[in-house]
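Read through the structure below, which is laid out as structure tokens, and then see the notes.
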Amino acid sequence: MIKVLDEKLVNKIAAGEVIEKPLNVVKELVENSLDAGAQNIFVEINEDLIRVEDDGNGMSKEDLEKCVLRHATSKINDFEDLINVGSFGFRGEALSSIAAVSDLTIISKFKDSLEGNELRVEGGVLRNLRSLGCSKGTIIILKDLFFNTPVRKKFLDLRENERIVDFLERFVLLNSVRLKLKLNGKVVLDVNAENLKDRIAQVYGLEVVKHLEEINHEELGVKISGYVSNPSFVRSDRKMQSFFVNNRLVESDEIKKGLYDAYKSILFVNKHPFAVLNLEMSGVDVNVHPAKKIVNFSLPDIVYSSVFNAVRENFKEKNVEFEVKQEVFSQVFKKEKKVEFKERFQKDKQVEFVENKEEGFSKLPEMRILGVVNKTYFLAEVEDGLMVIDQHVVEERINYEKFMKEFMEKKVEVQELLSPELIEFSLSESLKVKQNLEKLKGFGFYLEEFGENNFRLRKVPLLFGIVKGEELLKEILVDFKENKKEEIITRMSCRSSIKAGDLMSVSEMYAKLKILDKCELPYTCPHGRPIMVKLSVDDLEKMFRRKGF
Numbered sequence: 013m014i015k016v017l018d019e020k021l022v023n024k025i026a027a028g029e030v031i032e033k034p035l036n037v038v039k040e041l042v043e044n045s046l047d048a049g050a051q052n053i054f055v056e057i058n059e060d061l062i063r064v065e066d067d068g069n070g071m072s073k074e075d076l077e078k079c080v081l082r083h084a085t086s087k088i089n090d091f092e093d094l095i096n097v098g099s100f101g102f103r104g105e106a107l108s109s110i111a112a113v114s115d116l117t118i119i120s121k122f123k124d125s126l127e128g129n130e131l132r133v134e135g136g137v138l139r140n141l142r143s144l145g146c147s148k149g150t151i152i153i154l155k156d157l158f159f160n161t162p163v164r165k166k167f168l169d170l171r172e173n174e175r176i177v178d179f180l181e182r183f184v185l186l187n188s189v190r191l192k193l194k195l196n197g198k199v200v201l202d203v204n205a206e207n208l209k210d211r212i213a214q215v216y217g218l219e220v221v222k223h224l225e226e227i228n229h230e231e232l233g234v235k236i237s238g239y240v241s242n243p244s245f246v247r248s249d250r251k252m253q254s255f256f257v258n259n260r261l262v263e264s265d266e267i268k269k270g271l272y273d274a275y276k277s278i279l280f281v282n283k284h285p286f287a288v289l290n291l292e293m294s295g296v297d298v299n300v301h302p303a304k305k306i307v308n309f310s311l312p313d314i315v316y317s318s319v320f321n322a323v324r325e326n327f328k329e330k331n332v333e334f335e336v337k338q339e340v341f342s343q344v345f346k347k348e349k350k351v352e353f354k355e356r357f358q359k360d361k362q363v364e365f366v367e368n369k370e371e372g373f374s375k376l377p378e379m380r381i382l383g384v385v386n387k388t389y390f391l392a393e394v395e396d397g398l399m400v401i402d403q404h405v406v407e408e409r410i411n412y413e414k415f416m417k418e419f420m421e422k423k424v425e426v427q428e429l430l431s432p433e434l435i436e437f438s439l440s441e442s443l444k445v446k447q448n449l450e451k452l453k454g455f456g457f458y459l460e461e462f463g464e465n466n467f468r469l470r471k472v473p474l475l476f477g478i479v480k481g482e483e484l485l486k487e488i489l490v491d492f493k494e495n496k497k498e499e500i501i502t503r504m505s506c507r508s509s510i511k512a513g514d515l516m517s518v519s520e521m522y523a524k525l526k527i528l529d530k531c532e533l534p535y536t537c538p539h540g541r542p543i544m545v546k547l548s549v550d551d552l553e554k555m556f557r558r559k560g561f
């Protein structure tokens, strides 16, 4: 039999659409503070408490009573207002949804009132409403989130604080307020700079700012401003990308595609640029997602082309493309030692075979190396054809199995750096490092705190030779979870292996092949790519049309 659900249950269900996790609470509350005209916002988060305080316009007693009712809002009156909404909130769902699944206290004083008021709601039930003295603005204190929805509470994970920090770092970039975040008793974020560039420096560090290009572009009714990194500064994740539409933080495939297509041919595979972009425009529908993070554009193609042109034309004007290619390639293909062409081939005049003198089964065929192509691919003669060997992938497989063995046996060999490397992390990266200092030691990275968001790297895995610790550490932090050790070791092995364009002698390759022969999987790298590709005599004869197709 179909039944009409009671109002309390309806509110809990509705809350599930808007408030999925603590991050949603923080987002809704700080956006409400901005809508109230706040200049200062203070967020405090402890184990079972969220507190947001602002100096905005505050609420009268009448509005305070209404604010926890569903679809009660001061921001829109009719459909026309919804189409042209400029505020962050507008549906009147946030506070009612929060009140339905928590113990909520709101203290607020309207700017023209003589006194303030306090409202307490527990699980959607009004418990108290009283007058009291307080400063202009609003304080919201939330305890026991999801206390009456235990299944949802059970599935909250330990990374929730990290998500909140990540959101607030992005949120504060374009909103000219002072925002302070206190996490478990410690201030971890305090941003009060007046302009975007200085805010980026406060959030991500001065080193990032050195690599930024300013964007100011307007076409077809779309005005774009912000900063992107020149292609010499890239990351292994998208954490330093924030897209805004009319100052609202959003996710947009059109903006993202325009950005990446502008970097095409000057960005390495699986690398990501820094970007903070704000698009000012009309024709935007923000009422398409419960959390208001996805928007629809009436003319998505114009959004894409505007972003593409803004970034690409900036690079052309400053000759960034040519200069960066030189810089990036010189860094990535840096040689560990210089070996002259003459020296390399004189050493290898005596052609030899890979011999497996040790007793036991040999996984690889005997090979006679003929030469190297493009400082990347070795050509070797085998019994019935030709083998093409990728020098990078050979080393990657060897390093992976060696390091995995050391890691599993808890015997990772490390080397002490003669001069400890000082590394500056972003706030979210710093929190992750602090939480995982002991686990990082298990991978051979010995770090110690050295000021706010700075660490000294004292030891690195012996396997890596000259690979820079900062670069590698920031990459593996992307994958740093308990269940991702294979991905981390794969990334470490890749970064520590010889690159395309680095010189490797024939004798060195023979030595590598002997080690490879003893590996568990000598034909593929940890990513699954082939280490060597065989062209049989039969294949060659078909290519030269000695045989029929």
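Numbering of the sequence shown is given in this note's numbering, commencing with residue 13 and proceeding in unit increments.
Beta carbons: idealized from backbone N, C-alpha and C, even for Gly.
From a predicted model like this one, the values you see are computed outputs, not experimental measurements.
Run through the DSSP bridge pairs and tell me what residue i is partnered with.
i           : result
residue 115 : 134, 155
residue 66  : 53, 150
residue 210 : In the DSSP output, where bridge partners are listed per residue, residue 210 has none listed.
residue 536 : 542
residue 443 : DSSP lists no partner for residue 443.
residue 285 : 246
residue 466 : 436
residue 296 : 309
residue 141 : 131
residue 392 : 381, 399
residue 121 : 149
Determine the direct distance from the alpha carbon of residue j to that of residue i, and round the result to whole angstroms.
i           : j           : result
residue 469 : residue 516 : 30 angstroms
residue 405 : residue 413 : 12 angstroms
residue 268 : residue 380 : 48 angstroms
residue 111 : residue 47  : 20 angstroms
residue 467 : residue 137 : 48 angstroms
residue 532 : residue 394 : 21 angstroms
residue 557 : residue 400 : 21 angstroms
residue 310 : residue 228 : 23 angstroms
residue 219 : residue 288 : 16 angstroms
residue 426 : residue 232 : 57 angstroms
residue 291 : residue 68  : 26 angstroms
residue 313 : residue 320 : 11 angstroms
residue 40  : residue 386 : 55 angstroms
residue 198 : residue 449 : 19 angstroms
residue 446 : residue 465 : 9 angstroms
residue 252 : residue 123 : 37 angstroms
residue 212 : residue 44  : 23 angstroms
residue 351 : residue 519 : Confidence at residue 351 is low in this model, with a pLDDT of 34, below 50, so its placement is unreliable and no value can be given for it.
residue 181 : residue 422 : 36 angstroms
Comparing C-alpha positions only, which one of the options sits nearest to residue i?
i           : options            : result
residue 126 : 70, 460, 155, 156  : 70
residue 569 : 130, 544, 294, 262 : Residue 569 is absent from the model: the chain starts at 13 and stops at 561.
residue 8   : 502, 389, 393      : What is shown of the chain runs 13 to 561, which leaves residue 8 out entirely.
residue 270 : 250, 229, 322      : 322
residue 570 : 108, 74, 59        : Outside the shown range of the chain, which is 13 to 561, sits residue 570, and nothing can be said about it.
residue 42  : 128, 113, 191      : 191
residue 490 : 220, 284, 529      : 284
residue 485 : 247, 510, 555      : 247
residue 57  : 75, 172, 428, 149  : 172
residue 78  : 120, 49, 113       : 120
residue 457 : 328, 500, 391      : 500
residue 410 : 547, 382, 534      : 534
residue 184 : 51, 514, 422       : 51
residue 529 : 376, 182, 216      : 376
residue 117 : 133, 403, 308, 105 : 133
residue 143 : 73, 157, 316, 209  : 73
residue 492 : 473, 523, 452      : 452
residue 113 : 150, 145, 154, 388 : 154
residue 443 : 548, 188, 196, 182 : 196
residue 274 : 240, 294, 295, 250 : 240
Which residue marks the beginning of the beta strand (DSSP E) containing residue i, and which one marks its end?
i           : result
residue 460 : 458-461
residue 399 : 397-402
residue 475 : Element bounds for residue 475: n/a, residue is neither H nor E.
residue 432 : 426-436
residue 74  : Run containing residue 74: none in the beta strand (DSSP E); it sits in the alpha helix (DSSP H), 73-78.
residue 240 : 234-241
residue 257 : 253-257
What first and last residue would you give for the alpha helix (DSSP H) that runs through residue i?
i           : result
residue 229 : Taken as a continuous stretch (DSSP letters only), residue 229 belongs to no alpha helix (DSSP H), being part of the beta strand (DSSP E) at 224-231.
residue 183 : 172-186
residue 260 : Element bounds for residue 260: not the alpha helix (DSSP H) but the beta strand (DSSP E), 260-262.
residue 189 : From DSSP, residue 189 is part of no alpha helix (DSSP H); its letter is neither H nor E.
residue 203 : It is not in any alpha helix (DSSP H) - residue 203 instead sits in the beta strand (DSSP E) that spans 198-203.
Segment contact flag, the segment 434-450 with the segment 542-553, C-beta cutoff 8 angstroms, min 3 pairs | The segment 434-450 is not in contact with the segment 542-553.
For this session: Count the C-beta pairs between the segment 254-262 and the segment 196-204 that are closer than 8 angstroms, then say yes if the count reaches three, no if not.
Result: No, because fewer than three Cβ pairs between the segment 254-262 and the segment 196-204 fall closer than 8 angstroms, the two stretches do not touch.
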